[in-house]
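Everything in the sequence shown is counted per the numbering used here, starting at 3 for the first residue and increasing by one. Think of the CB as a built atom: it goes at the ideal place given N, C-alpha and C, for glycine as much as any other residue. In this text the structure is predicted, and so the values were computed from the model without any measurement. Following: one structure in C-alpha coordinates, then a few remarks.
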Amino acid sequence: MSSLLGRRSGTDAKTRRGGDTTAAGPGAAPGGWRFTLKGSPRHYDDVREIIEAGGGTVYFGEALTYERGAGVALWRVQARSFEWLPRLYEWWAEAERVEPIISDFHLYLPSNLKYAALTLRQTPPAEVEAFIRTNAPTDAIPVG
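Here it is in C-alpha coordinates:
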(Lines of atoms letter the chains of each structure in order from A and count residues from 1; the text may use other names and numbers.)
(Lines give C-alpha, C1' and ligand atoms only; values in the text may rest on other atoms or scores of the structure.)
Protein backbone atom coordinates (compact mmCIF):
# COMPACT_ATOMS: atom_id res chain seq x y z
CA MET A 1 0.00 0.00 0.00
CA SER A 2 2.80 2.41 0.78
CA SER A 3 3.98 2.34 -2.84
CA LEU A 4 0.67 3.85 -3.88
CA LEU A 5 1.37 6.83 -1.66
CA GLY A 6 4.75 7.62 -3.17
CA ARG A 7 6.80 5.74 -0.57
CA ARG A 8 8.86 3.14 -2.39
CA SER A 9 11.54 1.09 -0.74
CA GLY A 10 15.03 1.47 -2.15
CA THR A 11 14.51 4.92 -3.68
CA ASP A 12 16.44 8.10 -3.11
CA ALA A 13 15.09 11.27 -1.50
CA LYS A 14 14.39 12.99 -4.82
CA THR A 15 12.29 10.07 -6.02
CA ARG A 16 10.42 9.92 -2.72
CA ARG A 17 9.75 13.67 -2.79
CA GLY A 18 8.54 13.40 -6.39
CA GLY A 19 5.95 10.88 -5.24
CA ASP A 20 4.43 13.45 -2.92
CA THR A 21 2.06 15.69 -4.80
CA THR A 22 1.82 18.17 -1.96
CA ALA A 23 4.58 19.06 0.47
CA ALA A 24 4.24 21.45 3.36
CA GLY A 25 6.99 22.09 5.84
CA PRO A 26 6.83 23.69 9.26
CA GLY A 27 6.53 27.47 9.23
CA ALA A 28 9.90 29.14 8.80
CA ALA A 29 10.97 31.93 11.09
CA PRO A 30 9.97 35.45 10.04
CA GLY A 31 12.51 37.63 8.32
CA GLY A 32 12.50 36.38 4.77
CA TRP A 33 10.60 37.72 1.79
CA ARG A 34 7.44 35.73 1.00
CA PHE A 35 6.26 35.12 -2.56
CA THR A 36 4.94 32.39 -4.81
CA LEU A 37 6.39 30.93 -7.99
CA LYS A 38 4.37 28.96 -10.51
CA GLY A 39 5.85 26.99 -13.37
CA SER A 40 5.97 23.66 -15.15
CA PRO A 41 5.14 20.55 -13.11
CA ARG A 42 8.08 18.84 -14.86
CA HIS A 43 10.45 21.06 -12.90
CA TYR A 44 8.95 20.78 -9.41
CA ASP A 45 11.68 18.76 -7.67
CA ASP A 46 14.63 20.51 -9.31
CA VAL A 47 13.31 24.01 -8.59
CA ARG A 48 12.54 23.11 -4.98
CA GLU A 49 16.07 21.76 -4.49
CA ILE A 50 17.65 24.86 -6.08
CA ILE A 51 15.64 27.21 -3.84
CA GLU A 52 16.34 25.27 -0.66
CA ALA A 53 20.06 24.89 -1.43
CA GLY A 54 20.49 28.65 -1.87
CA GLY A 55 18.93 30.30 1.16
CA GLY A 56 15.23 29.85 0.50
CA THR A 57 12.56 27.72 2.12
CA VAL A 58 9.66 26.21 0.21
CA TYR A 59 7.13 26.25 3.03
CA PHE A 60 4.37 24.90 0.79
CA GLY A 61 4.54 23.29 -2.59
CA GLU A 62 2.37 21.38 -5.01
CA ALA A 63 3.92 19.33 -7.79
CA LEU A 64 0.69 19.51 -9.77
CA THR A 65 -2.26 21.82 -9.36
CA TYR A 66 -4.65 23.25 -11.91
CA GLU A 67 -5.11 26.90 -12.72
CA ARG A 68 -7.53 28.01 -15.42
CA GLY A 69 -7.44 24.48 -16.86
CA ALA A 70 -3.65 24.23 -17.07
CA GLY A 71 -1.43 22.03 -14.92
CA VAL A 72 1.14 24.04 -12.96
CA ALA A 73 3.59 23.51 -10.12
CA LEU A 74 3.42 25.84 -7.14
CA TRP A 75 6.18 26.89 -4.75
CA ARG A 76 5.42 29.20 -1.81
CA VAL A 77 8.80 30.57 -0.84
CA GLN A 78 10.33 32.42 2.06
CA ALA A 79 13.79 33.65 1.03
CA ARG A 80 16.36 35.09 3.40
CA SER A 81 18.85 35.42 0.55
CA PHE A 82 18.77 35.19 -3.22
CA GLU A 83 21.80 32.99 -3.87
CA TRP A 84 19.45 30.51 -5.51
CA LEU A 85 18.06 32.92 -8.12
CA PRO A 86 21.01 33.04 -10.58
CA ARG A 87 21.35 29.27 -10.17
CA LEU A 88 17.67 28.87 -11.11
CA TYR A 89 18.22 30.86 -14.31
CA GLU A 90 21.34 28.80 -15.16
CA TRP A 91 19.53 25.52 -14.55
CA TRP A 92 16.52 26.74 -16.55
CA ALA A 93 18.66 27.68 -19.58
CA GLU A 94 20.34 24.27 -19.49
CA ALA A 95 17.00 22.47 -19.12
CA GLU A 96 15.65 24.23 -22.22
CA ARG A 97 18.86 23.53 -24.13
CA VAL A 98 18.73 19.80 -23.37
CA GLU A 99 14.98 19.45 -23.84
CA PRO A 100 13.74 22.25 -26.09
CA ILE A 101 10.43 22.85 -24.38
CA ILE A 102 9.81 26.52 -23.65
CA SER A 103 8.69 27.09 -20.07
CA ASP A 104 8.28 30.09 -17.82
CA PHE A 105 8.05 30.94 -14.15
CA HIS A 106 5.57 33.49 -12.83
CA LEU A 107 6.04 35.35 -9.58
CA TYR A 108 3.06 36.20 -7.38
CA LEU A 109 2.87 38.28 -4.23
CA PRO A 110 0.70 37.17 -1.29
CA SER A 111 -1.46 40.27 -1.70
CA ASN A 112 -2.62 39.13 -5.18
CA LEU A 113 -2.37 35.42 -5.93
CA LYS A 114 -4.72 35.66 -8.90
CA TYR A 115 -2.45 37.65 -11.22
CA ALA A 116 1.30 37.32 -11.69
CA ALA A 117 3.38 40.30 -10.62
CA LEU A 118 6.00 39.43 -13.23
CA THR A 119 7.31 36.69 -15.48
CA LEU A 120 10.86 35.50 -14.97
CA ARG A 121 11.43 34.90 -18.69
CA GLN A 122 11.14 38.65 -19.37
CA THR A 123 13.01 39.79 -16.25
CA PRO A 124 16.72 39.32 -15.40
CA PRO A 125 17.62 37.84 -11.99
CA ALA A 126 18.87 41.13 -10.52
CA GLU A 127 15.56 42.84 -11.35
CA VAL A 128 13.56 39.92 -9.91
CA GLU A 129 15.55 40.16 -6.68
CA ALA A 130 15.07 43.94 -6.49
CA PHE A 131 11.33 43.55 -7.14
CA ILE A 132 10.96 40.95 -4.39
CA ARG A 133 13.00 42.99 -1.90
CA THR A 134 10.85 46.05 -2.62
CA ASN A 135 7.38 44.49 -2.82
CA ALA A 136 7.21 41.15 -1.00
CA PRO A 137 6.15 41.02 2.65
CA THR A 138 8.63 39.91 5.30
CA ASP A 139 6.16 38.99 8.00
CA ALA A 140 5.75 35.49 9.42
CA ILE A 141 4.20 32.74 7.36
CA PRO A 142 0.47 32.55 8.11
CA VAL A 143 -0.49 29.38 9.99
CA GLY A 144 -3.75 27.62 9.32
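The three-state secondary structure of F84, taken from DSSP, is coil. Straight-line spacing of the CA atoms in W86 and I143 works out to 20 Å. When DSSP reads this structure, N114 sits in a beta bridge with L111. Listed in chain order, the non-local C-beta contacts of I52 below 7 Å within the same chain comprise W86, R89, L90, W93, local neighbours out to five positions each way being set aside. Here T38 has R78, Y110 as same chain residues with Cβ atoms under 6 Å from its own Cβ, once five neighbours each way along the sequence are excluded. Of the candidates S105, P139, V49, V49 places its Cα closest to the Cα of E64. For R135, the enclosing alpha helix (DSSP H) begins and ends at 127-137.
Taking C-beta atoms as the reference points, A72 and L66 fail to come closer than 8 Å. With respect to the 8 Å criterion, G34 and T140 are classified as neighbours on the basis of their beta carbons. Residue state for E96 is assigned as helix, using DSSP reduced to three classes. According to the DSSP assignment, R44 belongs to no beta strand (DSSP E), since it is labelled neither H nor E.
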